[in-house]
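> Handing you a structure now.
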């Protein structure tokens, strides 16, 4: 019977490749029982070809559960957490502290303790930290406009700051602090205060102060979150510029392509059902006042141009799932 806990020392040696076959098996079996460890291994195997080979070679020797660890290209670490770090004596509430730092400029009566409770009650803050996709939920609750984006650069940060937005970024804390630890996980949230060509000023909830870092060091630490930012602004003040997650490097496999038409048709049916339940009926021309719409017909009756839109949405959804590190496996 395996254990879900392994030492940090063994984990770091596993990530650097300095382990025996027995230790590799111990780590992978532990990942069956520990979702956080499994996710760390997934992100490492997405980066390291050597680790991918290790997993492939051992998969047949391990249990079926161990085989579900997916091997994907560089994916968006949406499920990883800005988390507790025992080595740096950091708590897991850095996201709550970042959001409080922004909110107190607008609602000084909102205390850190009240925000912590709100985050825990809504499961935005979970055991060990806040998943990246939950960063900004507190501020959303206070009716702020929140945009989450991956694959950003310093120009994007500068543009958002100049537009009056507040920026939270997720970094690898060990790398930001200059620690020589082979851990690729994005595990710490900070607020960007200022930026120039050579340096960046960050409010760090770990130290509860502003610190200035060299831009190259920052980029190294930021990279592990796939250059993730959370942009916050008062509603109505943002110049919205949608930037969907880039999925061009994640083409769909042949089997997955079969899903596109099925998803496209089902999405149309969901849309049509919602409209009909809201009192809409078919009409040759769209008429919002009388709730008439020409697309309230079976999917097969749509024009190819209309179907193309549904297919594009379905394909984008499937590609995004792959970019997020998930694997879709067809049951035999």
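Residue numbers (full-length UniProt numbering): 1 to 332.
The C-beta atom is built at its ideal place from N, Cα and C for all residues, glycine as well.
Remember, it's a predicted structure, so these values are computed and weren't measured experimentally.
I'd like the span of the alpha helix (DSSP H) that includes residue 189, first residue to last.
Residue 189 -> not in any alpha helix (DSSP H); beta strand (DSSP E) instead, spanning 188 to 195.
> Looking at the structure shown, is residue 328 part of a helix, part of a strand, or coil, going by DSSP?
In the structure shown, residue 328 sits in coil (DSSP, three-state: anything other than H, G, I, E or B).
> From the DSSP output, which residues share a beta bridge with residue 204?
Residue 204 pairs with 209.
> I'd like to confirm the pairing. Which residues does DSSP put opposite residue 149 in its beta bridges?
DSSP, once it has assigned bridges, lists 229 as partnering residue 149.
> For the segment 316 to 324 against the segment 268 to 282, are there 3 or more C-beta pairs whose distance is under 8 Å?
The segment 316 to 324 is not in contact with the segment 268 to 282.
> How about residue 187 and residue 198: do their beta carbons lie closer than 8 Å?
Not in contact: residue 187 and residue 198 (Cβ atoms no closer than 8 Å).
> For the candidate residues 191, 141, 160, 207, whose alpha-carbon lies nearest to that of residue 114?
Per the Cα distances, 141.
> Could you check the C-alpha separation between residue 27 and residue 328 for me, to the nearest Å?
If I take the Cα positions, the gap works out to 24 Å.
> Would you decide whether residue 305 is buried or exposed? Buried here means 16 or more other CB atoms lie within 10 Å of its CB.
Looking at its Cβ environment, which holds fewer than 16 other Cβ atoms inside 10 Å, residue 305 is exposed.
> What's the call for residue 208, buried or exposed, on a 16-neighbour Cβ count within 10 Å?
By the neighbour-count rule (16 or more Cβ atoms within 10 Å), residue 208 is not buried but exposed.
> Which residues in the same chain as residue 294 place their Cβ atom closer than 8 Å to its Cβ, once the five residues preceding and following it in sequence are excluded?
So the list reads 282, 283, 284, 285, 286, once near-sequence residues are dropped.
> Determine the burial state of residue 14: buried for a count of at least 16 other Cβ atoms within 10 Å of its Cβ, exposed for fewer.
Result: buried.
> Go to residue 168, then tell me how far its beta strand (DSSP E) extends in each direction, as first and last residue.
Element bounds for residue 168: 166 to 171.
> Please list, in chain order, all residues of the same chain as residue 211 whose beta carbon is under 7 Å from its beta carbon, the five residues on each side excluded.
Here the set comprises 202, 204.
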